[in-house]
Amino acid sequence: MSPPWLSILVPVYNVAPYIEACVASILDQDVPGVEVIFVDDASPHGEGAILAAVQARHPQRVRVVTHPVNRGIAVARNTLLDHARGEYLWFVDSDDTMAPGAILALREVVDKHRPDLVMCDFKVVPEIGAADVAPPKRRSGSQARRLARNAHVRSFNGLSNVLSRDRDHLMHGLFHRGQMHAWSKIVRRDAWSPSLRFVERRDYEDLELMPRVALSMRTFIHVPQTWIHYRLRPGSMIGTPSPAKMRDRMLALAGSGPHLRDSDAGISRATLFAMAHFATRDWRDCNRVLRSFPPSTTDGTTPATLREAWKAALPLSVSELTWAYLRRGQFRRCLQMHALLRQD
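So that you can map any letter, position 72 of the sequence shown is 1059 in my numbering, and since no number is skipped, the others follow by simple counting.
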């Protein structure tokens, strides 16, 4: 039997109300040559039984890997990478759904262009009570409400439906939009280096890894179609902010920082600024969340913790970023940054 052209990779934990909709949205698209792999990360509410029944109904299309104890989404994603056999890899979160026709649309792109990376857009589907939940790995508050009203969210700011080799254009477009989640990016398996692994025991693992994955791509294409329906819900990881999660978010940015500063990456000053502004905006948002908690409940996370992680994430020095803001007339952002630097 020839290997599949696509592996759809789904980590599963504590999503009993949503997993069947996710499964149906994928398996109802009966496109040949697709394997679907689930990792049951010791789910507590019967998800394992649901997946076993799915595998029994679709033994040629579905595989289920089980972790005996919960090990976290990063380990689950690494397990999925280890088991995938497809030419292309597509992570899907188990509380989201795939849009009808998405797999066939991807197949058409792959057959025509054979890119290392395909980026798709997504649709936000907010649940009741999710109005103030931060949207996908990025913003919060009033920005979240604006995004929740925007059914079609772009994951890339740049040319669409055009195969490109311009790495600088890729990185600028990604950081300008700030959508670093794994599920809006389909990657050719032989372009995904074995050394690129999700960082274990830390939230926001995709925020740290996906910029590094993008840097290693030779060719890419953005398809402005909503292939994923992102469920915005109060009980999700994004919907339950905490000081520890804000620390993990900034550490994730710091983890990708050295790779973004690599002089061999061929990144322009404009793109370095986009990266630095992305990190600074996240630092501001994380600091705001941290200060909403009493100091006795922050588990040792302090403004200084976030500040040092932000500095490690910057591809520019603080003085270079200061002048970049001033040259662009972005005085308010510059003042906000320096106000944060003075906070204890």
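Even for Gly, the Cβ is constructed at its ideal location relative to N, Cα and C.
Just to confirm the assignment, what range does the alpha helix (DSSP H) spanning residue i have?
i     : result
H1209 : That residue, H1209, is in no alpha helix (DSSP H); its beta strand (DSSP E) goes 1207-1219.
V1062 : 1060-1070
M1197 : 1192-1202
L1093 : 1089-1100
With DSSP run on the structure shown, which of helix, strand or coil describes residue i?
i     : result
W1077 : strand
E1022 : strand
T1053 : strand
S1151 : strand
L1328 : helix
T1227 : coil
H1032 : coil
H1336 : Residue 1336 falls outside the range modelled here, since the chain spans only 988 to 1331, and no answer is possible.
P1302 : coil
F1185 : coil
R1126 : Because R1126 sits at a pLDDT of 46, beneath the cut-off of 50, its placement in the model cannot be relied upon, and the point is left open.
S1279 : coil
P1352 : Residue coverage of the chain in this structure runs from 988 to 1331, which leaves residue 1352 outside it and unanswerable.
D1082 : coil
D1027 : strand
W1179 : coil
M1237 : helix
H1159 : helix
R1048 : coil
T1284 : helix
T1289 : coil
H1168 : coil
R1315 : coil
D1269 : helix
Closer than 7 Å: is that where the CB of residue i sits relative to any heavy atom of the ligand NAD?
i     : result
A1061 : The ligand NAD is absent from the structure shown, which contains no ligand whatsoever.
Where do the ends of the beta strand (DSSP E) carrying residue i lie?
i     : result
I1254 : First-last for I1254: undefined, no H or E at that position.
S1012 : Segment 1006-1014 is the alpha helix (DSSP H) holding S1012; no beta strand (DSSP E) there.
R1175 : 1172-1175
L1146 : Where L1146 is concerned, there is no enclosing beta strand (DSSP E), given that its DSSP letter is neither H nor E.
V999  : 993-999
V1002 : Looking at the DSSP string, V1002 is not in any beta strand (DSSP E), and its letter there is neither H nor E.
M1106 : 1104-1113
Under 8 Å between the Cβ atoms of residue i and residue j?
i     : j     : result
E1195 : G1242 : yes
V1062 : I1024 : no
G1059 : E1187 : yes
D1108 : S1151 : no
D1082 : V1002 : yes
R1050 : H1032 : no
R1199 : L1183 : yes
V1305 : I1208 : no
A1029 : H1054 : yes
L1327 : N1274 : yes
L1104 : A1239 : no
P1230 : D1272 : no
P990  : V1021 : no
L1303 : M1237 : no
M1233 : L1277 : yes
R1064 : F1078 : yes
W1310 : T1267 : no
I1037 : M1085 : no
A1299 : G1244 : yes
D1235 : D1269 : no
F1265 : F1162 : yes
S1180 : S1203 : yes
Please look up how many angstroms separate the CB atoms of residue i and residue j, rounded, as I've assumed it's under 8 Å.
i     : j     : result
W1170 : D1027 : Not quite, the Cβ-Cβ distance comes to about 18 Å (not below 8 Å), so this is no contact.
D1155 : I1254 : 6 Å
V1111 : L1219 : 5 Å
Q1016 : L1067 : So it is not a contact: roughly 19 Å between Cβ atoms.
Y1005 : N1057 : So it is not a contact: roughly 18 Å between Cβ atoms.
D1193 : H1168 : 5 Å
K1172 : M1262 : That belief does not hold up - the Cβ atoms of K1172 and M1262 are roughly 17 Å apart, past 8 Å.
Just checking, does the stretch 1067-1078 make contact with the stretch 1170-1179 on the three C-beta pairs under 8 Å criterion? The stretch 1067-1078 vs the stretch 1170-1179: in contact.
Given 8 Å as the limit, is there contact between the stretch 1203-1220 and the stretch 1257-1268, that is, 3 or more CB pairs closer than that? Touching, no, given that fewer than three Cβ pairs across the two stretches are closer than 8 Å.
Three-pair Cβ contact test at 8 Å for the stretch 1038-1057 versus the stretch 1098-1116: Note that the stretch 1038-1057 does not touch the stretch 1098-1116; fewer than 3 beta-carbon pairs, one per stretch, sit closer than 8 Å.
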